[in-house]
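One structure is given below, encoded as structure tokens.
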Amino acid sequence: MADAHAKPQHDYHLVDPSPWPLVGSFSACVMFIGAVVWMRGLFGLEAGTKWMFFVGLAGVLFTMFSWWSDV
Numbered sequence: 001m002a003d004a005h006a007k008p009q010h011d012y013h014l015v016d017p018s019p020w021p022l023v024g025s026f027s028a029c030v031m032f033i034g035a036v037v038w039m040r041g042l043f044g045l046e047a048g049t050k051w052m053f054f055v056g057l058a059g060v061l062f063t064m065f066s067w068w069s070d071v
């Protein structure tokens, strides 16, 4: 009866839920669209507009730093 509330023993490790995969994938998507806008132009923005790419890049770098600092 003492083992009724014990944690199950698995051959693998289940990690705690984290927001970083969602934040990282959103930032990567913004960075990709920003790269397309920068090279080709899209959504009414002219080619050479770099700000969207760098916002996405900053988001990816922030995600990397935050995710690895949680480990």
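Per my numbering, the very first residue in the sequence shown carries number 1; after that it's consecutive. Backbone N, C-alpha and C define an ideal beta-carbon position, used for all residues, glycine too.
Per the coordinates, the alpha-carbon of W51 lies some 11 Å from the alpha-carbon of I33. Between V23 and T63, the C-beta gap is smaller than 7 Å, which places the two residues in contact.
For L45, the three-state secondary structure derived from DSSP is strand. In the three-state reduction of the DSSP assignment, S25 falls in the helix class. The C-beta distance from S27 to G56 rounds to 5 Å, short enough to fall under 8 Å.
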